[in-house]
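A.B. asks: Residue numbers (the numbering used here): 20 to 293.
Here a beta-carbon is modelled for each residue, glycine too, at the ideal position from N, C-alpha and C.
Note that the structure is a prediction, hence the values are computed from the model and not measured.
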């Protein structure tokens, strides 16, 4: 059992390893022993050999062997190191890898990663190991984000970015068009519009859609803050950071400053990991 990035490194080197952050996201790690979850496997009749050894990101796995070199064009003998999943690489890209650092990636979904110094669980969030050895995380991904904003914008058909004087709209939207992920994990959740009146206009819905994202971020921050003191600054990445009105709404709703990183993504973090 490995995910795509670990599958690739196994094919390149002939050695299968599963990075701790990604494995932790599946819960197939014993968080006490930092090893294979023997009880989970035995209870489900699974062979323990199905899970490879774990390793931390940046650990050397091996080298590109000759067969892989011929197939890929990579130079034989090139060192291959352990990677991680996308949000880990994004956090690495902006240096948000120390306890207390909080990252929000505003993409097609909204992903969050809070790095902490000890193992903590929080219902609805993914716990486990983070990028650096002896660091941990809480986080997860929503089912809203840019795909919800895009859907609303296509329905409305116009931009009303210059109408912020009309905030707050008084309209509450639950942006769960594709079910709800963190912190509810409910695939049956539905979107809801509440507070519509005869005087409601397109601009109100346009702005309310962005408010909905802000309230969702606020909910996630409140949940995280219930178990760990959350920083006053969010380190923000992703395509939606180009929507300055949205970023300002999120800051107004949550009371958090946002440091926006543009032109940096997971690929840059991958390079730093290597």
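1. Within its chain, find whatever has a CB closer than 7 Å to the CB of residue 97; leave out the 5 residues flanking it on each side and keep chain order.
2. Considering only their Cβ atoms, is the gap separating residue 229 from residue 190 smaller than 8 Å?
3. Mind checking whether residue 233 and residue 273 have CB atoms under 8 Å apart?
4. Starting from residue 220, trace the beta strand (DSSP E) both ways and give me its first and last residue.
5. Over what stretch of residues does the alpha helix (DSSP H) that includes residue 27 continue unbroken?
6. DSSP puts residue 75 in a beta bridge; with which residues?
7. Which residues in the same chain have their Cβ closer than 6 Å to the Cβ of residue 77, if we skip the five residues on either side of it in sequence?
8. Between the alpha carbons of residue 90 and residue 69, how many angstroms are there, rounded?
9. Could you say which of 208, 72, 282, 179 lies nearest to residue 264 if we only look at CA atoms?
10. Is the beta carbon of residue 64 less than 8 Å from the beta carbon of residue 147?
11. Please classify residue 244: does DSSP put it in a helix, a strand, or coil?
12. Going by alpha carbons, who is nearest to residue 34 out of 79, 55, 50?
13. Looking at C-alpha atoms only, which residue of 198, 30, 157 is the closest neighbour of residue 166?
14. Give the DSSP-derived three-state secondary structure of residue 136 in the structure shown.
15. Starting from residue 160, follow its DSSP beta bridges and name the residues at the other end.
16. Checking 8 Å against the spacing of the C-beta atoms, do residue 257 and residue 155 come in under that value?
17. Look up residue 121 in the DSSP assignment and say whether it is helix, strand or coil.
18. Going along the chain, which residues of its own chain have a beta-carbon closer than 8 Å to the beta-carbon of residue 252, five neighbours each way excluded?
19. Does DSSP classify residue 258 as helix, strand or coil?
20. In chain order, what are the residue ranges of uninterrupted beta strand (DSSP E) at least 3 long that sit wholly in the segment 168-199?
21. Could you tell me which whole alpha helix (DSSP H) segments of length 4 or greater appear in the segment 41-111?
22. CB residue 131 to CB residue 239, shorter than 8 Å?
23. Within its chain, find whatever has a CB closer than 7 Å to the CB of residue 215; leave out the 5 residues flanking it on each side and keep chain order.
24. Where does residue 39 fall in DSSP's three states?
25. For residue 272, which of helix, strand or coil comes out of DSSP?
C.D. replies: Considering the structure as presented:
1. Translated into the one-based positions of the chain shown, residue 97 becomes position 78. Answer for residue 97: 82, 83, listed in chain order.
2. Counting from 1 along the chain shown, the entry for residue 190 is found at position 171. Counting from 1 along the chain shown, the entry for residue 229 is found at position 210. Result no, Cβ atoms of residue 190 and residue 229 do not sit closer than 8 Å.
3. The residue given as residue 233 occupies position 214 in the chain shown. The residue given as residue 273 occupies position 254 in the chain shown. Closer than 8 Å, so yes.
4. In the chain shown, counting from the first residue as 1, residue 220 sits at position 201. Taken as a continuous stretch (DSSP letters only), residue 220 belongs to no beta strand (DSSP E), as it is neither H nor E.
5. The residue you call residue 27 lines up with position 8 of the chain shown. Here the alpha helix (DSSP H) through residue 27 covers 23-32.
6. In the chain shown, counting from the first residue as 1, residue 75 sits at position 56. Residue 75 pairs with nothing; no bridge assigned.
7. Taking the chain shown and counting its residues from 1, one reaches residue 77 at position 58. Closer than 6 Å at Cβ, skipping near neighbours: 100, 292.
8. To locate residue 90, count along the chain shown from 1; it is residue 71. To locate residue 69, count along the chain shown from 1; it is residue 50. Distance between the alpha carbons of residue 90 and residue 69 is about 26 Å.
9. Counting from 1 along the chain shown, the entry for residue 264 is found at position 245. Cα-wise, what sits closest to residue 264 is 179.
10. In the chain shown, the residue the question calls residue 64 occupies position 45. In the chain shown, the residue the question calls residue 147 occupies position 128. Contact: no.
11. Numbered from 1 along the chain shown, position 225 holds the residue referred to as residue 244. For residue 244, the three-state secondary structure derived from DSSP is helix.
12. For the purposes of this step, residue 34 is taken as residue 15 along the chain shown, with counting starting at 1. Measuring from the Cα of residue 34, the nearest candidate turns out to be 79.
13. In the chain shown, counting from the first residue as 1, residue 166 sits at position 147. Nearest to residue 166 by alpha-carbon distance, out of 198, 30, 157, is 198.
14. Numbered from its first residue, the chain shown carries residue 136 at position 117. Annotated three-state conformation of residue 136 is coil, per DSSP.
15. For the purposes of this step, residue 160 is taken as the residue at position 141 of the chain shown. For residue 160, which the question treats as bridged, DSSP gives the partners 130.
16. Counted from its first residue, the chain shown places residue 257 at position 238. Counted from its first residue, the chain shown places residue 155 at position 136. Contact annotation: residue 257 and residue 155 have beta-carbon atoms that are not nearer than 8 Å.
17. Within the chain shown, residue 121 is the residue found at index 102, counting from 1. Residue state, collapsed to three classes: strand.
18. As a position in the chain shown, residue 252 is number 233, starting the count at 1. Excluding sequence neighbours, residue 252 sits near 121, 275, 276, 277, 278.
19. As a working note, residue 258 is residue 239 in the chain shown. In the structure shown, residue 258 sits in a helix (DSSP, three-state: H, G or I).
20. The qualifying runs are 191-193.
21. List check, alpha helix (DSSP H) in window: 57-62, 85-91.
22. For the purposes of this step, residue 131 is taken as the residue at position 112 of the chain shown. For the purposes of this step, residue 239 is taken as the residue at position 220 of the chain shown. In contact: residue 131 and residue 239 (Cβ atoms closer than 8 Å).
23. In the chain shown, residue 215 corresponds to position 196, counting from 1. So the qualifying residues of the chain are 190.
24. If you number the chain shown from 1, residue 39 lands on position 20. It is helical.
25. Counted from its first residue, the chain shown places residue 272 at position 253. Shown here, residue 272 sits in a helix according to DSSP, grouped into three states.
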